[in-house]
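What follows is one structure encoded as structure tokens, with my remarks underneath.
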Amino acid sequence: MVKEIERAGITVVHACSIVPISKTVGANRIVPTIAIPHPFGDPNKSLAEEKILRRELVEKALYALTTAIEKQTVF
Amino acid sequence: MASKIKVIHCLNQFFGGLGGEEQAHVTPRLVEGAKGPGMLMQSIFPEVEIIATLIFGDNYVAQKTDAAVEQVLELLAPHFNDAAKDQQAQLFVAGPAFNAGRYGLACGALCKAVSKRYLIPVVTAMSEQNPAAAEYRRDVYIAATSDDVTGMEQAIGRMVPLGINLLHGEKVLPETDHYIARGQRRNYFSSQSGAERAVDMLLAKISGQPVLSEYAMPVFDRVEPAPAIKDLASARLGLVTSGGIVPRGNPDRIVSANAQNFGTYSLNTLDTLSKETHQTAHGGYDPTCANENPNRVLPLDAIRELEAEGAIGSIHPYYYATVGNATSVANAKQFGESIAKKLLADGVQAVILTST
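Residue numbers (our numbering), protein chains in the order written: chain A, 656 to 730; chain B, 36 to 391.
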């Protein structure tokens with residue numbers, strides 16, 4: 656899906672838990688996330704801490720979207 | 036009777052009988068004898084004896100690959116070096132993993148490491164569509180399988196003879212031994228020079244005859260990176276997920292594995308996702324955390340916050356969701372194309388796609 660969205664000319668970031676799969680399928684901007692069952696969260700943290708963590712990851716994804724790259728890049 | 040071939044078989048928590056996604060975090064462990072598909076393996080191939088089964092949690096190996104590999108190598112040590120003859124492993128067999136991405140990656144990584152450390156033949160099996168096939172086919176012999184478990188008998192029927200051939204030092208070929216081509220070339224003597232063969236091919240091509248190249252060209256389907264977004268504060272952002280986040284009740288009945296469709300869901304009045312409004316339909320991970328707080332898979336709360344602060348121009352009023360659990364590449368490609376059209380029509384310039 657990432658690849659078809661990018662092929663259409665839209666800048667896309669893949670935020671995912673298993674980076675090797677993302678690399679193999681051909682995503683160009685990759686942001687590694689926390690864990691498979693909770694990529695944007697951590698149930699061991701308090702809700703407030705978890706929210707901060709989530710926001711930081713989203714900010715990293717936005718940074719990836721605004722960064723020029725020439726090849727596949729893991730942020 | 037000749038002694039049996041001593042095999043160590045490697046399975047994930049599901050096939051190893053430990054449990055489903057709730058056990059996907061477990062660390063590798065070694066148990067005596069055959070489990071699950073290993074029983075079938077021994078009944079089809081009586082010349083094989085599974086002396087031990089290594090069982091690991093899918094998530095654990097996919098996320099902590101290096102640590103997991105080290106633990107596995109240590110667990111296996113008693114079956115090498117000074118092991119008693121009846122406990123000495125001769126062949127390492129992993130899977131079959133079919134089209135399961137995490138399982139496939141684990142099989143590939145463990146096979147590669149075992150072969151390197153203990154110098155015995157290793158073999159695994161998975162679908163050519165499995166992302167791990169592209170990652171490991173150069174390092175490991177991977178028998179080609181169907182996409183799902185209905186092909187279990189065929190997978191074992193390919194994987195075990197391949198392993199036995201490797202153990203006996205027999206020559207193997209992808210065409211006859213049904214493994215995924217490793218990208219290696221084999222030298223042979225031909226009575227015709229390369230120039231003659233090339234001209235023959237050219238003539239055949241001109242006259243419309245079928246031509247088979249001696250050097251298969253790899254198919255690279257890569258997309259050039261799209262340009263960076265210059266000003267996110269004025270850009271329109273779209274949200275897509277393969278993590279299966281859907282409105283409660285799963286109105287489009289997106290199936291938990293091998294998805295056949297994607298859903299289009301309104302974000303118009305939403306600032307966050309909650310267990311009252313949304314859930315996951317994904318069958319490939321433990322849904323507890325995602326159901327409790329769906330923002331953990333599709334982080335709408337944080338995205339709305341950044342939108343309100345002006346960091347993001349605007350958000351496309353719908354999000355698109357499917358289940359990326361053993362979903363075929365062909366289906367995913369088609370979903371991606373349809374979603375891209377909808378996004379373009381609304382002037383979306385940037386997308387965050389989240390996956391579990």
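Note that CB positions come from ideal geometry on N, CA and C, so glycine has one too.
Listed in chain order, the beta strand (DSSP E) elements of length 3 or more contained wholly in the stretch 264-306 of chain B are 271-276, 280-282, 298-301. In this chain, the beta strand (DSSP E) harbouring Y176 of chain B covers 176-180. Residues of chain A with a Cβ closer than 9 Å to the Cβ of P260 of chain B are, in chain order, E661, T666, N683, R684, A723, I724, E725, K726, Q727, T728. When secondary structure is reduced to three states using DSSP, V234 of chain B falls in the helix class. Inter-residue distance for E725 of chain A and V258 of chain B is about 11 Å (C-alpha atoms, whole angstroms). Against chain B, the CB of K658 of chain A has a partner CB under 8 Å away; the residue lies at that interface. Interface annotation, A716 of chain A: in contact with chain B, CB-CB separation under 8 Å.
Approximately 5 Å separates the beta-carbon atoms of A124 of chain B and I43 of chain B; this is inside 8 Å, confirming the contact.
In the displayed model, T389 of chain B falls within a strand according to three-state DSSP.
Counting only residues of its own chain and dropping the five nearest sequence neighbours on each side, A385 of chain B has a CB closer than 6 Å to the CB of I264, A270, L272. Taking L237 of chain B as the centre and dropping the five residues before and after it, the same chain places no C-beta closer than 8 Å to its C-beta. The alpha carbon of A216 of chain B has as its nearest neighbour, out of B:S162, B:Q189, B:P156, B:T357, the alpha carbon of B:S162. The C-beta of S672 of chain A comes closer than 8 Å to at least one C-beta of chain B. Sequence-distant partners of T315 of chain B (beyond 5 residues in either direction) whose C-beta falls short of 8 Å from its own C-beta, in its chain, are G278, G279, I280, V281, P322, A325, N326, P329, V332. Under DSSP, A356 of chain B takes part in a beta bridge, and its partners are B:T276, B:G298. For Y320 of chain B, the chain A residues whose C-beta falls within less than 7 Å of its own C-beta are I691, P692, listed in chain order. N165 of chain B places its beta carbon less than 8 Å from that of G136 of chain B. Contact annotation: Q122 of chain B and H114 of chain B have beta-carbon atoms nearer than 8 Å. In summary, the residues of the stretch 320-338 of chain B whose CB is separated from some CB of chain A by less than 9 Å are Y320, D321, P322, T323, C324, A325, E327, N328, N330, R331, V332, L333, P334, D336, A337, I338, in the order they occur in the chain. Pairing A167 of chain B with G198 of chain B gives a Cβ-Cβ distance that is not under 8 Å. Within chain A, no C-beta atom comes less than 8 Å from the C-beta of R172 of chain B; the nearest is roughly 11 Å away. T389 of chain B has a beta carbon lying within less than 8 Å of a beta carbon in chain A. Contact between the stretch 374-388 of chain B and the stretch 144-154 of chain B is absent: fewer than 3 CB-CB pairs across the two stretches fall below 8 Å. By the Cβ criterion, the stretch 685-692 of chain A is not in contact with the stretch 220-240 of chain B, since fewer than three pairs of Cβ atoms, one from each stretch, lie closer than 8 Å.
Per DSSP, F370 of chain B lies in no beta strand (DSSP E); the unbroken alpha helix (DSSP H) holding it starts and ends at 364-380. The residue among A:L708, A:E705, A:I685, A:M656 with its C-alpha nearest the C-alpha of Y718 of chain A is A:I685.
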